[in-house]
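Working notes for the structure below.
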Amino acid sequence: MKDAPPGRKALWRRFWNFLASRRLAVLLLLGLLLLTLAGLFIPQQPAELDAAGRKAWQEAMGERYGPAWGVYQALGLPDLFHTPLFWALGAALFLNLLACTADRLGRLLRAMRRPATLRLPETAYAPAGRPGQKFSLPEARRHLRRFGCRLWEEPGRPHYFYGETPRLAPLGTLLSHLGLFLLLPGLLLSGLAWRDRLRLDVGASATFLPHHPACAVAALGLQAGEAGGFLRSVSGELLISEGEALIRGRTGPEGPLPACGANFYLRSYGLALQVEAADPRGRPLEVVPSGEGQALSPEGAPSKRLGPPPSSAAGPVVLRFPEGTAERSFDIPALALHVTVAPSATALVGFRQGPLQVHIEQAGLNRPLFDGRIAPHTTLELPAGRLAFRPTSFLEVEAVYDPTFPFLLGAGCCLVAGSVLSLLPQRSFWARLDEDGTLWIRLGRQEETSGGGR
Amino acid sequence: MAFEDWLAILAVLFLFGGGGLSLAGLLTGRPGLGHWARWCAGSGGYLLLLVLTWRGLQVQGWPLTDLYEVLLLTAATTALACALVAPRRQEALAGACAGPAAGLMVALALLFLPSGSRLPHPPTAALGSLWFPLHVLATTLGYGGLILAGSAGLLRLLPAGRLPISPHDAEEVAWRGLSWGYPWLTLGMVLGMVWGWWAWGRPWSWSTKEVLTLLTWGLFTLAFHTRRLKGWRGWPHALILTAGLAALLLTLLAAEALARLAVPVAEYVF
Numbered sequence: 067m068k069d070a071p072p073g074r075k076a077l078w079r080r081f082w083n084f085l086a087s088r089r090l091a092v093l094l095l096l097g098l099l100l101l102t103l104a105g106l107f108i109p110q111q112p113a114e115l116d117a118a119g120r121k122a123w124q125e126a127m128g129e130r131y132g133p134a135w136g137v138y139q140a141l142g143l144p145d146l147f148h149t150p151l152f153w154a155l156g157a158a159l160f161l162n163l164l165a166c167t168a169d170r171l172g173r174l175l176r177a178m179r180r181p182a183t184l185r186l187p188e189t190a191y192a193p194a195g196r197p198g199q200k201f202s203l204p205e206a207r208r209h210l211r212r213f214g215c216r217l218w219e220e221p222g223r224p225h226y227f228y229g230e231t232p233r234l235a236p237l238g239t240l241l242s243h244l245g246l247f248l249l250l251p252g253l254l255l256s257g258l259a260w261r262d263r264l265r266l267d268v269g270a271s272a273t274f275l276p277h278h279p280a281c282a283v284a285a286l287g288l289q290a291g292e293a294g295g296f297l298r299s300v301s302g303e304l305l306i307s308e309g310e311a312l313i314r315g316r317t318g319p320e321g322p323l324p325a326c327g328a329n330f331y332l333r334s335y336g337l338a339l340q341v342e343a344a345d346p347r348g349r350p351l352e353v354v355p356s357g358e359g360q361a362l363s364p365e366g367a368p369s370k371r372l373g374p375p376p377s378s379a380a381g382p383v384v385l386r387f388p389e390g391t392a393e394r395s396f397d398i399p400a401l402a403l404h405v406t407v408a409p410s411a412t413a414l415v416g417f418r419q420g421p422l423q424v425h426i427e428q429a430g431l432n433r434p435l436f437d438g439r440i441a442p443h444t445t446l447e448l449p450a451g452r453l454a455f456r457p458t459s460f461l462e463v464e465a466v467y468d469p470t471f472p473f474l475l476g477a478g479c480c481l482v483a484g485s486v487l488s489l490l491p492q493r494s495f496w497a498r499l500d501e502d503g504t505l506w507i508r509l510g511r512q513e514e515t516s517g518g519g520r
Numbered sequence: 006m007a008f009e010d011w012l013a014i015l016a017v018l019f020l021f022g023g024g025g026l027s028l029a030g031l032l033t034g035r036p037g038l039g040h041w042a043r044w045c046a047g048s049g050g051y052l053l054l055l056v057l058t059w060r061g062l063q064v065q066g067w068p069l070t071d072l073y074e075v076l077l078l079t080a081a082t083t084a085l086a087c088a089l090v091a092p093r094r095q096e097a098l099a100g101a102c103a104g105p106a107a108g109l110m111v112a113l114a115l116l117f118l119p120s121g122s123r124l125p126h127p128p129t130a131a132l133g134s135l136w137f138p139l140h141v142l143a144t145t146l147g148y149g150g151l152i153l154a155g156s157a158g159l160l161r162l163l164p165a166g167r168l169p170i171s172p173h174d175a176e177e178v179a180w181r182g183l184s185w186g187y188p189w190l191t192l193g194m195v196l197g198m199v200w201g202w203w204a205w206g207r208p209w210s211w212s213t214k215e216v217l218t219l220l221t222w223g224l225f226t227l228a229f230h231t232r233r234l235k236g237w238r239g240w241p242h243a244l245i246l247t248a249g250l251a252a253l254l255l256t257l258l259a260a261e262a263l264a265r266l267a268v269p270v271a272e273y274v275f
């Protein structure tokens with residue numbers, strides 16, 4: 067910029083001052099906050115839905131909001147936090163932060179090494195100590211150190227002092243800004259992250275991870291702890307194999323199980339009821355569950371179907387009861403039976419094997435063939451065959467590889483440390499020791515210890 | 006009525022008493038009353054901590070699992086922020102901000118939350134991680150300071166002459182509240198992120214509660230930057246503090262209702 071014409075230099079200076087100004091930061095932050103506020107009142111598309119789930123969610127919202135939904139969609143509002151406007155404001159704030167930090171870096175580091183001024187005009191000071199008290203230089207230092215400040219001195223006649231605490235306060239702003247900068251590599255690395263969700267029946271064979279085919283996972287059990295009628299703890303036991311290595315461990319709300327370079331989280335769990343039908347000679351019969359995979363997740367979006375397709379061949383089938391499912395039904399075509407099973411509430415949350423309410427209807431009969439409670443692990447003897455129930459559990463496990471978390475954590479720690487340093491009460495003073503031993507002091511106000519900014 | 010409910014009612018009386026004494030001190034110009042107001046509000050806060058300890062002992066777990074307990078803790082931290090961080094010169098003004106705000110919070114919780122939902126119960130399995138109580142504790146400590154700051158901002162907005170309050174005093178109390186509450190809220194958000202990562206692998210999921218918390222944090226960050234910025238000092242700064250208070254109260258009281266209105270993004274499992 068040395069050779070630039072004065073007009074261009076002034077223009078660049080004005081632009082830089084604008085880019086590095088706190089006023090611009092305030093305006094950009096305000097814009098981002100207004101968009102965030104709008105995002106609160108306009109439904110935001112859940113991030114984890116697959117294509118079918120997104121379609122179903124959009125149809126549901128279209129029914130709910132009518133023609134207004136079309137306008138929202140045209141403006142990109144259902145995904146507000148990923149709109150170009152939101153990202154543009156975020157990028158501008160980032161640039162502003164960068165310029166702001168670069169602009170102040172030298173000044174802040176200098177302020178840490180040495181204050182801007184050790185001398186104030188003569189009239190700014192007031193007498194220190196008792197009236198008429200005289201101080202030698204060591205006595206003056208001892209007296210001033212009682213403030214608990216870091217002391218700078220300018221020797222001479224008179225001798226000048228400056229004290230300030232906390233000494234690392236100028237680092238506060240830098241640390242806070244560093245925290246925000248750390249979000250950028252986190253954001254860039256987020257493209258490498260992957261998640262695989264698996265639904266595993268306890269005791270069933272292992273399932274391979276789609277993103278890590280060398281890794282297979284099997285559920286060994288579900289442990290739920292109860293105290294006073296409340297579910298106090300829950301964890302799933304997994305067996306994970308990666309090549310030759312076998313890892314056995316627990317996952318639950320208290321922490322994931324690390325394996326295969328990812329973390330395995332317990333997302334959900336529930337009752338899985340194995341049902342087996344047979345004719346009077348013991349030959350297995352086909353069981354056709356109704357509504358498999360139709361359960362809705364809590365936010366109203368269809369849950370992704372992850373289990374095996376419903377069996378149509380003869381043999382046992384597993385009926386799963388995900389959260390929000392109170393009963394399931396199935397048909398036995400060979401016996402013209404329609405069966406509905408409702409487990410007890412405690413069995414549904416997984417910590418007690420309660421009774422099962424079973425209702426069986428046969429085509430052509432105008433009264434139920436069976437309607438009553440049975441204990442788990444019961445085999446019902448029916449006129450045309452038998453029906454066996456074996457309750458167990460299923461786990462919904464999510465394998466997550468996310469390299470962004472260390473950056474997010476680092477950013478958070480920097481923000482906390484930066485805000486603590488910036489907001490710690492600051493104290494400062496200027497003092498002067500005259501040749502005759504008179505000590506003068508001026509206590510600083512906050513406005514005098516840090517700049518107001520532009 | 007349970008023993009702890011009586012304790013909570015006593016706390017409400019202390020908190021409103023503290024607020025009343027503060028107002029009396031401001032109106033009569035007797036600063037001595039401010040000292041008693043601080044003592045009164047602080048006692049209310051300690052009583053609420055006693056209620057929470059009692060509930061924790063009953064369920065043998067952290068008493069930070071439902072809205073009632075979070076409201077009690079937030080009221081306690083507001084009263085304690087007033088007692089701990091308010092400058093001695095402005096203790097009557099701080100009491101006038103914190104006492105009624107904290108008292109109102111507990112009174113509303115006692116009056117409007119169904120008695121069944123106020124019964125102590127242990128944390129569910131999903132809240133079993135140690136990160137969860139740490140997150141709630143840090144966030145409510147932040148809320149305490151920020152409610153003090155926001156209330157002082159609100160008083161600063163009152164037309165001159167309505168109350169004998171100097172704008173400088175209101176700004177000083179707001180700054181103290183902000184200095185105390187902002188780092189705690191930031192820490193609370195970081196701990197919440199760690200809890201989310203530890204429990205289900207999602208440090209941030211853009212749920213209604215998270216977006217509201219981000220909005221609250223952003224507004225107080227804005228207040229932090231506008232305090233001494235030319236053109237933004239004075240009432241614009243106070244307006245931002247008041248908006249921050251409104252966002253904080255929305256986060257605390259209306260996040261669930263808003264989530265139902267706007268369809269929640271978060272998945273609540275277990």
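Note that the protein sequences, when read in sequence, are chains E and A.
Residues 67 to 520 (the numbering used here) make up the first sequence, in order.
Residues 6 to 275 (the numbering used here) make up the second sequence, in order.
The beta-carbon is built from N, C-alpha and C at its ideal position, and this holds for glycine as well.
Closest residue to residue i among the options (Cα-Cα distance)
{"i": "residue 285 of chain E", "options": "E:299, E:293, E:303", "result": "E:303"}
{"i": "residue 113 of chain A", "options": "A:254, A:35, A:31", "result": "A:254"}
{"i": "residue 105 of chain E", "options": "A:110, A:211, A:181, A:188", "result": "A:211"}
{"i": "residue 186 of chain E", "options": "E:496, E:500, E:504", "result": "E:496"}
{"i": "residue 174 of chain E", "options": "E:233, E:429, E:254", "result": "E:233"}
{"i": "residue 271 of chain E", "options": "E:469, E:153, E:460", "result": "E:460"}
{"i": "residue 94 of chain A", "options": "A:127, A:27, A:164", "result": "A:27"}
{"i": "residue 52 of chain A", "options": "A:99, A:34, A:35, A:15", "result": "A:15"}
{"i": "residue 279 of chain E", "options": "E:327, E:499, E:296", "result": "E:327"}
{"i": "residue 204 of chain A", "options": "E:139, E:411, E:238, E:300", "result": "E:300"}
{"i": "residue 483 of chain E", "options": "A:17, A:190, A:8, A:83", "result": "A:190"}
{"i": "residue 277 of chain A", "options": "A:81, A:61, A:99", "result": "Outside the displayed range of chain A (6 to 275) lies residue 277 of chain A, so it cannot be described from this structure."}
{"i": "residue 323 of chain E", "options": "E:305, E:194, E:291", "result": "E:305"}
{"i": "residue 177 of chain E", "options": "E:223, E:231, E:500", "result": "E:231"}
For residue i, three-class secondary structure by DSSP
{"i": "residue 329 of chain E", "result": "strand"}
{"i": "residue 157 of chain E", "result": "helix"}
{"i": "residue 263 of chain E", "result": "strand"}
{"i": "residue 67 of chain A", "result": "coil"}
{"i": "residue 370 of chain E", "result": "Note that residue 370 of chain E scores 33 on pLDDT, short of 50, meaning its location in the model is unreliable; the coordinates nonetheless yield the value given after this. Coil at residue 370 of chain E, not helix or strand."}
{"i": "residue 19 of chain A", "result": "helix"}
{"i": "residue 165 of chain A", "result": "coil"}
{"i": "residue 268 of chain E", "result": "coil"}
{"i": "residue 191 of chain A", "result": "helix"}
{"i": "residue 276 of chain E", "result": "coil"}
{"i": "residue 353 of chain E", "result": "coil"}
{"i": "residue 340 of chain E", "result": "strand"}
{"i": "residue 152 of chain A", "result": "helix"}
{"i": "residue 324 of chain E", "result": "strand"}
{"i": "residue 385 of chain E", "result": "strand"}
{"i": "residue 33 of chain A", "result": "helix"}
{"i": "residue 317 of chain E", "result": "strand"}
Integer-rounded CB distance, given that residue j should sit under 8 Å from residue i
{"i": "residue 250 of chain E", "j": "residue 147 of chain E", "result": "The pair is not a contact, with the Cβ atoms about 16 Å apart (cut-off 8 Å)."}
{"i": "residue 261 of chain E", "j": "residue 466 of chain E", "result": "5 Å"}
{"i": "residue 385 of chain E", "j": "residue 451 of chain E", "result": "Not confirmed; about 18 Å, so no contact."}
Contact test: residue i Cβ vs the ligand GTP heavy atom, cutoff 6 Å
{"i": "residue 406 of chain E", "result": "This structure simply doesn't include the ligand GTP, nor any ligand for that matter."}
task: Just list the alpha helix (DSSP H) runs in the region 194-273 of chain A, keeping only unbroken ones of 4 residues or longer that don't cross its boundaries, in chain order.
output: Counting only runs of 4 or more, we get 213-231, 240-254, 260-267.
Residue ranges of each alpha helix (DSSP H) within the region 171-230 of chain E, 4 or longer: Runs of the alpha helix (DSSP H) inside the region 171-230 of chain E: 203-211.
message: Output needed in chain order: residues of the region 88-107 of chain E with a Cβ under 9 Å from some Cβ in chain A.
response: 88, 89, 91, 92, 95, 96, 98, 99, 102, 103, 105, 106, 107
message: Which runs of the alpha helix (DSSP H) at least 4 residues long sit entirely within the region 82-158 of chain E? Give them in chain order.
response: 88-107, 117-131, 133-140
- request: Report the residues of the region 108-131 of chain A with a CB closer than 7 Å to any CB of chain E, ordered along the chain.
  value: 126, 127, 129, 130, 131
- prompt: Closer than 8 Å, Cβ to any Cβ of chain E: which residues of the region 188-206 of chain A, in chain order?
  reply: 188, 191, 192, 194, 195, 198, 199, 202, 203, 204, 205, 206
- prompt: Got a sec: which bits of the region 216-249 of chain E sit with their beta carbon under 8 Å from any beta carbon on chain A, in order along the chain?
  reply: none
field: Runs of alpha helix (DSSP H) wholly within the region 396-473 of chain E (minimum 4 residues, chain order)
entry: 411-415
task: Determine which residues of the region 132-162 of chain E have a Cβ less than 8 Å from any Cβ of chain A, and write them out in chain order.
output: 147
message: By the 7 Å beta-carbon criterion, what residues does the region 316-344 of chain E contribute toward chain A?
response: 319, 320, 321, 322, 329, 331, 333, 334
message: Report the start-end ranges of each alpha helix (DSSP H) in the region 83-109 of chain A that is 4 residues or longer and not cut off at the edges.
response: none
Interface residues of the region 133-149 of chain A facing chain E [CB-CB below 7 Å]: 133, 134
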